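Top to bottom, those sequences are chains A and B.
1 is the number of the first residue of the first sequence in our numbering; add one for each residue after it.
1 is the number of the first residue of the second sequence in our numbering; add one for each residue after it.
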Amino acid sequence: MTQIGARWWPQDWRDKTSGVSRFTLDQLAGKMDSPPLWAAIHRSPHALADVLSIDVSRAIAAPGVHAVITAADFGEHMYFAGLPFSDRRPLAKDHVRFIGEEIAVVAAETPQAARRAARLIDVRYRVRTAPTTVGQALASGAESLHERHTGMRNVSVHSRGTHGDFDAVLTSSHSKASGTFRYPRVAQLPMEPSASIASWDAQTERLQLWTTTQVPRIVSEVVANFLDLNPDQVICRETAVGGAFGSRSRTCEYEVLASMLSMRCGRPVVLAYTREDDMATLRSRHGFTTAMTGHASKEGHILGFDTTITMENGAYNLTGPFVMAVALHGLGGLYQPVGVRWDSSLVDTATVPGGQMRGLGYPQVAMASEVLVDQLAELQGVDPIEFRLRNTNHGGQITLGGGVIGSSELPACLEAVRESIGWAAKRSDRTPNRGLGVAAGIHGSGDNGGRPDSHRSASAIDIFADGNVQLRFGSIDFGTHQVTAMAQIVAEELGLRPEDIHVALADTATSPFELGQWASRGTYFAGHSVRLTASEMADRIRTLAEAKLGAAVTLSDGWARSANGDLTIAEVITSSDAFVDGKLTHESTYIDHIISFDPENPVLDDVTGTFSFAAHAVEVEVDPATGKITIVDYVAAHDIGKAINPSACEGQIIGGAVMGLGAVLGEEIIVDGGRVVNPSYLNYAMPRASDLPQIRPILIEGATDNGPYGAKSVGELPICLAAPAVLNAIYDAIGIRFDSLPLTPDKVLAALRLRDGKPPRKLKIWRRPSRWQIALVRRAYPLGLQSMLQRFGRKVANRVEPVEIAEVLAPTSADEVLSALGDNTAVLGGGTDLHLQRRQGISQHTRLVSLRLAHDLAGVMEESSGDLRIGAATTLQELIDDPAVPKLLHDAAVTIASAQVREVATIGGNLLQAKRCWFFRNGFDCYKRASATAPCFAVTGDHRFHHAAMEAHRCQATTPSDLGTVLVALDASIEILSTDGRRVIPASELYSGPGESVVRPDEVLCAIRIPAAARLRVAEFRKLALWSGDFATASVTVSRLPESSPHHRVVLGALAPIPWRAIETEAALDRNDSTEKVLRVFDDELSRHGHPLSGNAWKLDAAVGLLGKALFSLSSD
Amino acid sequence: MELDLTVNGERHQIVVAPGDTLLSVLRNTLGLTGTKESCGRGECGACTVLMGNKPVMSCMLLAVEVGADVTTIEGLTDTSLDLRESFAQAYGFQCGFCTSGQIVRAEALLMRATPESLNRQIVTEAMGGNICRCTGYTQIVDAVELCARRRGLWANEDTP
C-alpha cells in the first residue's frame, strides 16, 4: 500500500486556498437562469403562544413581493420525518413554541423588500406562560407544550432500563462515587451560515437545490415529500459546504421553505441566514443534567454506572429521543462494565429545539462517567491512568449495548498520553495550581440512523478516453477531507496518484446511492464503498489488459504492466465493449453486514462498524487571582485503526479537542425568557487562535478490524473527552471538583472562596442610603416588577432592520466635519461599532460624516510643551506602532479586538462606542433601547461578565472602552469641538453613564491630550477577558510618577458604569503601604462601594487579583 | 454614486450605494466570491482583504470609505502560491470557508515581517481575529510558520 497512509495534500487545496471553491451563496454568481428572489422569515416573538390568526395580506401587497407561504400551504400531516416522535412542522400552525419559530416566509425581489414584507405579516397570538427552563417545565402548574404520551408534564420521552446485569453491579460494589454534572447548550457554529438556493423549473418539473447540508440525498427525499414530488424531481447539486458538525445532518427548515417558495414563484429563491439567525434558531447541542453513580469492585474492576439524565429537548423532538438513546452507549461500551442502569427524561422547554452535534450525547455523559472513574481510582488509591489500564477494553469484547468490539488499542492510547505529557514526573514534582488529568472514550463508526437502507453505500468510477478518472460519490465533504481519502483509495486500487482522480460529490441526479455524512459514517462507508468499486474496476482493467497482453498484469503509475509489455489504462479500456459514451463506468454497492435496521423492531442497539478508542491528557493551570484556567498542554491519542491520511486524522483530532475545550472553558448558548442572549461570535466565548496551546495528536494504528483498510472513525470522539480530562486536571491542581460547564472565572473564583473558607463579601448596603432605592428595585424585579414593566411599560423598540444610508460625507478638516453635522447624522471613524449598531437597530443615522480625510484629526503629535496630542481619528494600530505613545496606551490597545479591527478602529471611536450589554445590543426591548418604562434585563438575566458590580443605577451596563480606563490613569484630557469653540475636559469626565459620553451630537471629539508629566508615568494594565480580544470583564490600571510624590492612579474598567478611580487605594499606595496592606485597603474599598448583582460579585474579587498582579509587575519593573 | 476602485490591480468604475459594504461590492458587483461573509459584524475575519497592505474586515467597511487599492484572495492566487502550498502541506484548512480570510491575513503579516522577526507566539496572536471552527488553529499556525521559514522570516532560535 503506497497511497493508504500517505500524507497527500488535500485534493481540493487549489480551490480552497484561492477562493475558487463555490459555497452555497457563491453559486449565485453565474449559475442562475433568472435573477433570484430573496426570502425572509417572519418568526415568533413569543416563547409560547396560541396562534389565533395569520394575516399576510399586507405582505403580499408590498412592493416586490412574489409569494408568502404559511403552514396552510403545507399538507395537514406534514412533519419533519425520518425518526419516530416527529412533531415539528415546516411552519408553525396553531401554536408557536419558541422565540424565532418560523411562521411565514416571503419571497421578494430584494432581501430588503423581503424583510420589510415579512414584518408586515400580522399574527394574532394568545400568549401563554412559557416554561423556558427544565425546572419551569417540570414544575406543577406549568403550561404543557405538547400532548405527550409519557403521562408526565412536558416529558417527551421517558426511558428507564438496564443493560447487562445491574444487580451484579450492586452486589459486587465496594467503592462508589457520585455526582451531578451539567453540560450546557453549545452551538456547532460552522463558519458558513446556513443557506439554500432552490430553483424550480416548471418545464422539466425539476427542482434544483444548492444547500448547506451533510445529507443531500435525504434532503432530496424530505423536500420532495413536503412538495408532493418524487425524490428524483428534487436534485441537490454539488456545492462546497462550510462546516456542519452535525447541525446539518438532517433536513433543515430553510431547505423546505426555499424550495416551496421557488415552486410557487417559478424563480430561483435564496434563503440565507445571518450569523444571528444561525445562533439563535438552529439546533444546538442538548443541555444535559446527569446525576450518576459509578461502582467499582474491591479488586478495582469498574462495575458500571447508575444514571439519571435530564435532557433539555427544546420545543420539538427533532433528534432528541435519538440523542438520549445513543448517549448511553458509551457507558456500556468503555472498559468492561457488567451493568448499567438509567432513567432518562427528555424535557420539553419553550426554547429553540436541540439537535445533533459532533459526539451526539456522549460528551455530556462522558463528562460524568470519566470524572467518576477518577474518583473511584482515588478511592482505591490507584493512579487514574493505571486504573483505566486495568479496566481496558479488548478485541472480541461485547458491549452491554450489544456491539462487538473488533479491536482495542486503548491501552496504547493511555500509555502514549502518559508518556507524552510527562505524567509521572509532573505528578510527583508539583507546581502550585497546576494539575494533570486524563480521560478515555469509545465511539462507533456509523449507525443505522433509523433507516432500513443505511447499510448501503454505492459509488461509481468513470474512466475516460484520455485516461482521466472520475469518482462519483453521493456525499459531500464539509471539511473532513473525505474527498482526499477517497481519492487515495481509488489511486491505491488503480495504481494511480490521488491527484489524477477527480472526485465528483453529491449531485443527486448523477451520484449513486449514498445517504451522506453523520454518526462518523464518512470514512467507514465511503472507504468500503470506494474501495469495492475501485478494486472491481481494477479487476476489469486487468482482465481486459491480460486478454490483450497475454500475461499477468499489474496496475501502476497509470499503466497496465506485464512481462509482455505495457499498455496505458486508456489503451486498455477504449477497446472494451463496455466503453460507451466515451467512458468505461463501473458502479458497485457496498452492503454492510453489521449495521442494519429493522423497522419492525426499531431498537437503537449499540451496533456500529468498528469501535474507536482514545485517551486525552491535559495539563492545566488555575490562576487563583482571576479564576482563569489556562490549558498548558493537551495530548490526544486515538486508536484510529489505520490512518488513510494521517494529516487529515490529526486535523480532526485537534479540531475536535479544541471544540470540546470551548465548551469546557467558555461556550454556552445563554437563554433568557426563551430568547437567546448571545447570538454572535463576540458574545460566544469560543476559542480563538491564541486562547489555547498547540494540541498534540498521536495516532495509534492497530490490529485489523471491520473498517476499510482497518480504518476507524476519528471525527467525533476527539470532542468528547476535553470536559472530563480538564475537570480531572483541575481537581489535581486545586482540589476542587467542578461539575458545571463552562468553567468561566466567576465559577472558579466562587469555588476558591468557598474552598478557602472566605465568607461572602460584606457590602453593608443598609449603611449606604444612596443605594437603598436601587437595592429595593432590584429586589422587586424577580417579584413581579420585571414582568410588569415588560408587559405594560414597553414601548415600540428600535427596529432591528438597518436604516439605509443616504449620504456619506468626507470633509477634510475638523471644522468642516463640524459644519457637516446635523439631524440623523453620525460621525464615522473606523465604523467597527457604528456599522454594528446600525445592524443591531441601535443607530438610526442616515447621514454619516467620515473622519477619514480630516487631516487635523489624525495622527500623534508631540507638542512643544512636551504634551502628546492624539487625533481622534488615529487608528489603534497607529497608536500601537508609534513609539511616542505611552506604553500603557500601547499595552491596552493590543488587547482590543483583532488586528483587522485595530487597522481601522479609531481612538475616538473606541472611547465613544456604545455599551456592550448583550441585552441592549441583541434586541431585548430594554430601558435604554425601548423606553424609559421598559425593564433592565440584566437584573435577573445573565450579568456575570459585562455588567457593573458597583455604582450602577437603572442600567447595569459598563463602559466598554479599555482606552477610556487607561486614559484616566494617564491624566489625559479630551478636546471637544463645537461651533461654540473648543472645550477641554479631563478624561475622567468623558462619560455620563455606561457607554454614554458628554460629547453632544453637535460636537466632535477631536483629540486626546496626555500631559508631558504624565507621559513619564510607570504603569500596568491588567485585563480579564473571556477570550483574547474580548471586552474586559474586569480591568485594573495602576500608574505612578517616577518621583518622590508618585501620585498613584488606580482605575478600574468594566466594574462600574464608568471608569472608576479607587481613591483610597491610591492614597495607600502614595503612603507606600505594603502590597498586602494596599490589597486589603482595595478589598475594603470595593466592599464599601460595591453593589453587585446576584451573579457578579466575583468581579470584585477578580479586581483584587488583577491589582495584585499589576502591583507585582510594577514593583519588579 | 460612482466609485473608482482598484481591486487586484484592476481598476473598476462602478456605481454603489453609500451604504454598500466593500464585501458586498466585491461579491455582488465584481463577482469576486472568494471573500466570504460568516458574521457580517467584524468578528470573525472570514471577509479579510488587504486595503493597501493592511488587513481589514470588508464586511464593516463601506466601499466609499476605501482609501487604497484592494487585494482579495483572488489577487493572491499567484503571488502567494508558497503560502497556499503551506496551507495544503500543513493541512491548514478543513471546510475552507474561513481560508480566504486566513490566507489574506497571514499574507499581510508575512508581507510586513522583517527577516527572522516571527515566532510562534507572534503568529498565533496575529491570527487571533480569524475564527476557524474546524482546525483548532494548530495546523493554520503550522502553515504560516512553514511559509515564514521558507521566506526567511522565522526567528532562528525557535525550534520547529
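Just so it is clear, CB atoms sit at the ideal spot from N, CA and C, and this is done for glycine as well.
Model, not experiment: these values are computed from the prediction.
query, result
"Identified DSSP bridge partners for T470 of chain A", "The residue asked about is misnamed: residue 470 of chain A is Gln in this sequence, not Thr. Answer by DSSP bridge pairing, in chain order: A:D462 and A:H502."
"Those runs of the beta strand (DSSP E) which lie wholly inside the segment 302–342 of chain A and span at least 3 residues", "302–314"
"Beta strand (DSSP E) runs contained entirely in the segment 119–205 of chain A, provided each spans 3 or more residues", "122–127, 155–164, 175–183 and 195–201"
"Contact between the segment 115–134 of chain B and the segment 63–78 of chain B (3+ Cβ pairs under 8 Å)", "no"
"Chain B contacts from the segment 231–260 of chain A (Cβ-Cβ distance under 9 Å)", "A240, V241, G242, G243, A244 and F245"
"Coarse secondary structure for C236 of chain A, derived from DSSP in three states", "strand"
"Beta-carbon contacts of R150 of chain B that lie in its chain and below 8 Å, excluding the five residues immediately before and after", "D82 and S86"
"Classification of R76 of chain A by the beta-carbon crowding that lies within 10 angstroms, buried from 16 upward", "The identity of residue 76 of chain A in the sequence shown is Glu, whereas the question assumes Arg. Burial call: exposed."
"Beta-ladder partner(s) of E2 of chain B, from DSSP", "B:V15"
"Beta-carbon proximity of A657 of chain A to L741 of chain A, cut-off 9 Å", "no"
"T135 of chain B: contacting residues in chain A (beta-carbon distance under 7 Å)", "G651, I654 and G655"
"N- and C-terminal bounds of the beta strand (DSSP E) containing E253 of chain A", "Premise fails: E253 of chain A lies in the alpha helix (DSSP H), E253 to C265, not in any beta strand (DSSP E)."
"Whole-number beta carbon distance between V503 of chain A and Q11 of chain A, since they are thought to touch under 8 Å", "6 Å"
"Cross-strand partners of D633 of chain A (DSSP beta bridge)", "A:E619"
"Chain A residues whose Cβ lies nearer than 7 Å to that of M162 of chain B", "Here chain B comprises residues numbered 1 to 160, so residue 162 of chain B is not present and cannot be evaluated."
"Interface flag, A806 of chain A vs chain B, CB-CB below 9 Å", "yes"
"Chain-ordered residues of the segment 163–193 of chain A with a beta carbon less than 9 Å from chain B", "Q188, L189, P190, M191, E192 and P193"
"is_contact[N798 of chain A, chain B] using C-beta, thresh 9 Å", "Low per-residue confidence applies at N798 of chain A: pLDDT is 46, beneath 50, and the placement is therefore not dependable enough to give any value."
"Proximal residues of chain B, C-beta to C-beta of H481 of chain A below 8 Å", "Y91 and Q94"
"C-beta contact flag for R248 of chain A and S194 of chain A at 9 Å", "yes"
"DSSP bridge partner residues for M292 of chain A (one or two, in chain order)", "A:G179 and A:T307"
"Selected residue, minimal CA-CA separation from L334 of chain A, among A:I197, A:S1039 and A:D606", "A:D606"
"Between the CA atoms of V1036 of chain A and L1052 of chain A - distance to the nearest angstrom", "5 Å"
"Interface flag, R41 of chain B vs chain A, CB-CB below 9 Å", "yes"
"Distance between A930 of chain A and A797 of chain A (C-alpha atoms, nearest Å)", "Residue confidence for A797 of chain A is low, a pLDDT of 49 falling below 50, so the modelled location carries little weight; the figure read from the coordinates is stated next. Cα to Cα, A797 of chain A sits roughly 4 Å from A930 of chain A."
"Start-to-end residues for the beta strand (DSSP E) that takes in T70 of chain A", "V65 to T70"
"Contact set between Y681 of chain A and chain B, taken where Cβ atoms lie within less than 7 Å", "C39, E43, C44 and I131"
"Length-filtered (4 minimum) alpha helix (DSSP H) runs lying within the segment 726–801 of chain A", "745–755 and 769–780"
"Segment limits, alpha helix (DSSP H) that includes V658 of chain A", "P646 to L665"
"Residues near T812 of chain A by beta carbon distance below 7 Å, same chain, minus five either side", "L853, A854 and H855"
"Inter-residue spacing [alpha-carbon to alpha-carbon] between S978 of chain A and P1057 of chain A", "26 Å"
"Span separating the alpha-carbon of I880 of chain A from that of A126 of chain B", "14 Å"
"Contacting positions in the segment 896–907 of chain A - beta carbon closer than 8 Å to chain E", "No chain E appears in the structure shown, which is made up of the protein chains A and B."
"Short Cβ contact (9 Å threshold) for I644 of chain A with G474 of chain A", "no"
"Inter-residue Cα distance where the pair is T239 of chain A and V215 of chain A", "12 Å"
"Cβ-based burial, T132 of chain A [other Cβ within 10 Å; buried from 16]", "buried"
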